[in-house]
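Undergrad: Chains A and B, in that order, are what the protein sequence lines are. The first sequence: position 497 = 643 (this note's numbering), numbered continuously. The second sequence: position 326 = 680 (this note's numbering), numbered continuously. Think of the CB as a built atom: it goes at the ideal place given N, C-alpha and C, for glycine as much as any other residue. Just so we're clear, the structure is a prediction, and the values are computed from it rather than from any experiment.
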Amino acid sequence: MLIKLTGGKVYDPMHGINGQIKDIFIRNGRIVAEPSKDETIHETYDVKGRVIMAGGIDPHTHIGGGKVNIARMMLPEDHEKDLVKRTSLTRSGCGHAAPSTLTTGYRYVEMGYTAGFEPAMLQSNARQAHMEMADIPILDKGGYVMLGNDDMFMRMMAEGVEQEVMNNYVGWTIANFNAMAVKVVNPGGISAFKFNQRQLDLDEKHVHYQITPREVLKTLSRSLVDLKVPHPLHVHGCNLGVPGNVETTLDTIRGMEGLPLHLTHIQFHSFATEGDKNFSSGAARIAEMVNKHKNISIDVGQIMFGQTVTASGDTMRQYAGHTHGSPNKWVVMDIECDNGCGVVPFKYSDKSFVNALQWAIGLETFLMVDDPWRVFLTTDHPNGAPFTSYPHLIRLLMDKSFRNDMLHTVNKEAADMTVLGSIDREYSLYEIAIMTRAAPARSLGLTDRGQLGVGAAADITVYKEMDNKEKMFEKPEYVFKDGELVARNGKIVKVSVGTTHTIKPEYDKSIEKPLNDFFKKYHTVAMENLIVTENEIVEEGHGSVTEHECSREGTNA
Amino acid sequence: MKSASAKKSFSAVACPFCGIHCDDLKISTSGNQLEVKNTSCSRATAGFERKLPVNLSPQIKGENVDLDKAIAKAASIIKKSGTTLFAGLGTDVEGNRKILQTADKVGGVVDHALGEGIMRNVLAMSDHGWIMTTLTEIKNRADLVVFVGTDATEHPRFHERILWTKEAMFVDPSDRKIVYLGKKLDTTPGISPKRKKPLNITCDLPEIPTVINTLKALIDGQTLQAKKAGGAKISDLQKLADQINAAEYPVFVWSPPKLNFPNAELAVGAVCDLIRKLTETKRAAGFSLGGDDGAASAAAVCTWQAGYPLRTSFAQGFPDYNPTRFSTSKMLSSGQADTLVWVSTITSNRLPPEANIPTIVIGEPGIKLKTTPDIFIPAGTPGVDNKGLMVRVDNVVSLPVKQLRKSGLPSVSSIFDKIYQAL
């Protein structure tokens, strides 16, 4: 079957295509070169005047795994406002802050996104994360496995093992839990909290293991470079939410000596302490530092006003933050000598000084980082806001007068303290295509996604161009997933099964012996039963596993 | 048949028969008969070694029929039914996925056989949240374990595998302090390898909230005039308070099915509240036992697919959760359910409740039903007849369970797949 999209304005930053009128041809799920004149075109979509981009890719969204299920179970009152009826095509479910898996898939795709990555997959909960993601229809997915707090890692660090031995452990972990990248959350801090340590600064020692977060960061980042893992170490840094943590974040960047890092939901790590309330924006300093250091990429974790729920591995900071939560109920868990999780509902209010300033800090960051290839569009779903707020966020970035109107409605003191109103920058469609497609794809090593070149997967979104960018990005006219039309005008028209993206770094299997000994002595599950096989991910028609080349060529940093 | 009688052995086998899912079992097979080689756990041996009955045929009103016919009949009953109650749910993750898919399509209601216990936890958690831990953390970190209203003997290997272990990273396991709080508890498994006896504090189970709140006051350094609270001696509670204050990582363990009294979620809530109080200055955590009959799997899958815990109705086309109205007993007593589909493939003889409505049982083939259901479809046990995935009681770890024999019994997921197709 040969499909032609004719006459659209194409935004394909991977190939430098910026709104040129261009036909796109699709065959067997892939984008193909223009066929010869005598070939039959089976379907033609007239998309004259429409904006065409690759399917959106969300590189940081909590869509599967135990903490998300805790959030779902804890918030029946939130679901009630957004119940989703079944149709002849789609299953029932619920949406908003902690949506059901099925609704998650439909809503992402209806919004023109075709891939989402769960950034906090624990070894001990990886099977459940994959099981939940298997029940997310249509969307492609993948997971970042968490390291840097597990006792295996901490012991190896404390023993001072050779970098190569650590690399083998990191490689083993990525391969055996079918991950796409590695994330570290509050490096060493989740472990420290289990020893009743209540804070851990970048150069502060873990009370038991006597190692510092900076050492953890350097070792893990080095491992990923050595293993040629495309995505840099995905870092949820120290001191999340603590006023003054901008210094920690700047210091983190400075101390990496050129090793690549991706600093995630950086808004929560950009707080300074100026002003009467000892709370101010550090965004300008962060942006300046990011602009200077090409080894750094970020995503923002923009907050939006309203009810949501925060779900994080960072037990230390989630526990500390629970006093600001609403409604007043929260979960903290220590998990399997591996990691932890904390789930705290939040209601961000535009009338709150702190929340309004957080909102401004996120936007300042987006607008002051020069290179859209190194700043990805996220709300850290659902921590800053549910992913369904992306179209609104895009409008804030693309439309200065709308942004300034919004600024006038928030807490006055906060509005007075932000430079947001003086920033003229408006993102272009090309830049939006970079930060929501091309850049995350390149950073993750998804060589055939996030772009519209010949040979790429035909994940394609077609928008009606409108002045109101929120409306434009809310309900694309057509969404194709692997060449099939799956959504039309914001409604699912076909339900397919997405793939699970993975990489398989090479490592020395000799690491399995000490690992197996460790499991036998200290764990409650056998190593062979904890790991997640490819087979179990794909069985029973739940999809496929796509292995990407483990190579750092062409990645951002 | 040669292959049927062949002997095989399996190692690192995960056990589906209680919520702990121990995965260190060695099992040998001789044809369809299994033997557990390396543990005397009563639940593992009873489960794995139970004999496969001769008659594995599906039945319609007690008459043998082939599987397709039984499935077609089941589908036609469900199709005609106004509201079908899908209960029991004793199966693995995939079985639950397919049951939910079916319930969603026909507007049914889902609840687990142990739904009453599950809800005690769900209500406590969705009211105030909690601070919890998992088995490997307890094994390596817990220096004090307080059993509240349970002795954990329904999980016969809990003490062996989690408490009296050879090794632990941060404590000497044989020095762990054990405390029991409740009535008629078997405290002998709590005797340490060094023969140190556990502290045993007696109280009636419905008094747990009072006892825990009193304990909280004592931990806080209050002096009480009373000699007893909720039936427990203040002197004993003071001992416990001192132990908790001295501990680095006390863990409070309860088992929802054992807290069988009205408003028991308040007892769970009281324990969680004490843990929250302790966490202000030190570490402490809770741990809930239970999870039998695939309860943890059923609860987890329902929560991710529907967004709500069990006791959810799909009758209005969207998930509608109500922890009392959609309980199995209420659905039957109020006449809301027109058809009962009872799924129980793990524990022997987890019988369906009595119901004067068409009943379809999808069960372990040896299940001793009191009355003949309209349809009986013998199904495989996950981890014995079919492979599958099951969620452990801590709702964090999940495990692969193996197919150990070729009995030919269909899996619950394959049965519901076919029912779904036939609707």
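Beta-carbon of Thr260 (chain A) versus every beta-carbon of chain B: anything under 8 Å?
TA: No, no contact with chain B.
Undergrad: Along the chain, which unbroken stretches of the alpha helix (DSSP H) at least 4 residues long are found entirely within the region 553–594 of chain A?
TA: List check, alpha helix (DSSP H) in window: 558–563, 575–579 and 585–590.
Undergrad: By a C-beta neighbour count over all protein chains shown, 10 Å radius and 16 as the cutoff for buried, is Leu686 (chain B) buried or exposed?
TA: Label assigned to Leu686 (chain B): buried.
Undergrad: Can you confirm whether Asn662 (chain A), when its beta carbon is compared against all beta carbons of chain B, has any partner nearer than 8 Å?
TA: Not an interface residue.
Undergrad: Can you name, in chain order, every residue of its own chain whose Cβ lies under 6 Å from the Cβ of Asp739 (chain B), other than the five neighbours on each side?
TA: Closer than 6 Å at Cβ, skipping near neighbours: Ser761 and Leu763.
Undergrad: To the nearest angstrom, report how far apart Ile449 (chain A) and Lys493 (chain A) are at their CA atoms.
TA: The alpha-carbon atoms of Ile449 (chain A) and Lys493 (chain A) are separated by roughly 10 Å.
Undergrad: Kindly indicate which residue of A:Asn675, A:Ala266 and A:Val197 has the alpha-carbon position closest to the one of Val330 (chain A).
TA: Measuring from the Cα of Val330 (chain A), the nearest candidate turns out to be A:Ala266.
Undergrad: Using the beta-carbon count (16 or more within 10 Å), is Arg704 (chain B) buried or exposed?
TA: Arg704 (chain B) comes out buried.
Undergrad: Where does Lys287 (chain A) sit, in a helix, a strand or coil, going by DSSP?
TA: In this structure, Lys287 (chain A) counts as strand in the three-state DSSP scheme.
Undergrad: Residues of the region 468–499 of chain A in Cβ contact with chain B at a cutoff of 7 Å, in chain order, please.
TA: Hits within the stretch, in order: Lys475, Trp476, Val477, Val478, Met479, Asp480, Ile481, Glu482 and Cys483.
Undergrad: Hey, how far is the Cα of Gln597 (chain A) from the Cα of Met199 (chain A)?
TA: Distance between the alpha carbons of Gln597 (chain A) and Met199 (chain A): 8 Å.
Undergrad: Residues of chain B with CB closer than 9 Å to the CB of Gly644 (chain A), please, in chain order.
TA: Under the 9 Å cutoff, chain B gives no residues; its nearest Cβ is about 16 Å from Gly644 (chain A).
Undergrad: Inspect the beta-carbon positions of His352 (chain A) and Val381 (chain A) and report whether they are closer than 8 Å.
TA: In this structure, Val381 (chain A) does not lie closer than 8 Å to His352 (chain A) by Cβ.
Undergrad: Are there three or more Cβ pairs, one per stretch, closer than 8 Å when the region 412–429 of chain A is compared with the region 339–351 of chain A?
TA: Counting Cβ pairs under 8 Å, fewer than three are found: no touch.
Undergrad: What is the C-beta distance between Leu439 (chain B) and Gly462 (chain B), in whole angstroms, given that I count them as a contact (C-beta under 8 Å)?
TA: Contact holds; Cβ gap of about 7 Å.
Undergrad: Would you mind stating whether Ala650 (chain B) and Leu664 (chain B) have Cβ atoms separated by less than 8 Å?
TA: Result no, Cβ atoms of Ala650 (chain B) and Leu664 (chain B) do not sit closer than 8 Å.
Undergrad: Count the other CB atoms, across all protein chains shown, that sit within 10 Å of the CB of Leu235 (chain A); report buried if there are 16 or more and exposed otherwise.
TA: Exposed is the call here.
Undergrad: Between Pro537 (chain A) and Met257 (chain A), is the Cβ-Cβ spacing less than 8 Å?
TA: Yes, the Cβ-Cβ distance between Pro537 (chain A) and Met257 (chain A) is below 8 Å.
Undergrad: For Ala672 (chain A), which residues in chain B fall below 7 Å Cβ to Cβ?
TA: In chain order: Ala366, Asp377 and Asp378.
Undergrad: Nearest to Asp377 (chain B) by alpha carbon, out of B:Asn418, B:Glu389, B:Ala660 and B:Lys756?
TA: Looking at the Cα atoms, B:Lys756 is the closest of the given residues.
Undergrad: Return yes when the Cβ of Ala429 (chain A) is within less than 8 Å of the Cβ of Gly390 (chain A), no when it is not.
TA: Result no, Cβ atoms of Gly390 (chain A) and Ala429 (chain A) do not sit closer than 8 Å.
Undergrad: With DSSP run on the structure shown, which of helix, strand or coil describes Tyr662 (chain B)?
TA: Here Tyr662 (chain B) sits in coil by DSSP.
Undergrad: Between which two residues does the beta strand (DSSP E) harbouring Phe680 (chain B) extend?
TA: First-last for Phe680 (chain B): undefined, no H or E at that position.
Undergrad: Buried or exposed: where does Lys427 (chain B) fall if 16 or more other Cβ atoms within 10 Å of its Cβ makes it buried?
TA: Looking at its Cβ environment, which holds 16 or more other Cβ atoms inside 10 Å, Lys427 (chain B) is buried.
Undergrad: With a threshold of 16 other CB atoms inside 10 Å of the CB of Leu777 (chain B), please say whether the residue is buried or exposed.
TA: When all chains shown are included, Leu777 (chain B) counts as exposed.
Undergrad: Excluding the five sequence neighbours on either side, which residues of its own chain have a C-beta within less than 6 Å of the C-beta of Asn322 (chain A), listed in chain order?
TA: Around Asn322 (chain A): Ile677.
Undergrad: Checking contacts by CB at 8 Å: is Tyr536 (chain A) closer than that to chain B?
TA: No, no contact with chain B.
Undergrad: Taking all protein chains shown into account, decide if Ile716 (chain B) is buried (16 or more other Cβ within 10 angstroms of its Cβ) or exposed.
TA: Buried, by the Cβ-count rule.
Undergrad: Along chain A, in chain order, which residues have C-beta atoms closer than 8 Å to that of Met473 (chain B)?
TA: Result: empty, since nearest Cβ-Cβ is about 11 Å, beyond 8 Å.
Undergrad: Does chain A have any CB closer than 8 Å to the CB of Pro673 (chain B)?
TA: Chain A contact via Cβ: present.
Undergrad: Please go through the same chain and pick out, in chain order, the residues whose beta-carbon is closer than 6 Å to the beta-carbon of Met355 (chain B), but skip the five residues on each side of it.
TA: Its pLDDT being 43, under 50, Met355 (chain B) is placed unreliably in this model, and the coordinates cannot settle the point.
Undergrad: Does DSSP classify Ile729 (chain B) as helix, strand or coil?
TA: It is a strand residue.
Undergrad: Within 8 Å, do at least three Cβ pairs link the region 459–473 of chain A to the region 545–553 of chain A?
TA: Because the criterion of three Cβ pairs below 8 Å is not met, the region 545–553 of chain A and the region 459–473 of chain A do not touch.
Undergrad: Give the straight-line distance between the Cα atoms of Glu308 (chain A) and Arg273 (chain A), rounded to the nearest whole angstrom.
TA: Distance between the alpha carbons of Glu308 (chain A) and Arg273 (chain A): 30 Å.
Undergrad: If you measure beta-carbon to beta-carbon, which residues of the region 461–493 of chain B are closer than 7 Å to chain A?
TA: Hits within the stretch, in order: Val476, Met479, Ser480, Asp481, His482, Gly483, Trp484, Ile485, Met486, Thr487, Thr488, Leu489, Thr490, Glu491 and Lys493.
Undergrad: Alpha carbon to alpha carbon, how far is Lys168 (chain A) from Val600 (chain A)?
TA: Cα to Cα, the separation comes out at about 13 Å.
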